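See below for the structure under consideration.
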Amino acid sequence: MEWGFSGVMVRGSGIPWDLRKAQPYECYEEMEFDIPVGKNGDTYDRQVIRMEEMRQSVRIMKQCVAKLREPAGQEPIAALDGTFAPPPRRAMKRSMEALIRPRARSCTGRGRSSAHTRPRPDRSSRPQACRGSPGPER
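Note that the sequence shown ends on residue 854 in this note's numbering; no numbers are left out.
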């Protein structure tokens, strides 16, 4: 932990630390799951832990589905502002912004400037240039 390891590296070395248990967020404190822990810290332990983490993820998903099927879990669960989930179809037929807004979020990433912006044409580098194009002047 002092060296900054986290996740499967820590659990593979025998330390039972998982953020979902140590500092629960969302609904993880309501879920029951085990923290898989290794003994030797080698690649085999880490692989076994990853496989067990997938089993625990399925266990969590089954609990979530069960909670949604309970009468208390029947309230709306979709996002109402249209940034995470697309707006209702009738809104998409009336407004161009309703069509653009969910797509803009997925293209720009959380509404901020994108990490996937195109480079300026005068700033292209060899890996960005097409085969056979002259590319940047050297």
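Each residue gets a CB set at the ideal place from its N, CA and C atoms; glycine is no exception.
This structure is a prediction, so every number in the text was calculated from the model and none was measured.
Asked: Pick from Lys778, Arg762 and Pro740 that is closest to Val726, judged by C-alpha positions; Found: Arg762
Asked: Boundaries of the alpha helix (DSSP H) in which Asp761 is found, first to last residue; Found: Thr759 to Arg785
Asked: Span separating the alpha-carbon of Pro803 from that of Glu748; Found: 33 angstroms
Asked: Three-state secondary structure (DSSP) of Glu748; Found: coil
Asked: C-alpha distance - Val724 paired with Ile765, whole-angstrom precision; Found: 7 angstroms
Asked: Proximal residues to Ala738 (C-beta, below 6 angstroms), its chain only, five neighbours per side dropped; Found: none
Asked: Pairwise C-alpha distance: Tyr760 and Ala782; Found: 33 angstroms
Asked: Member of Glu742, Ser729 and Arg806 whose CA lies at the smallest distance from the CA of Ile751; Found: Ser729
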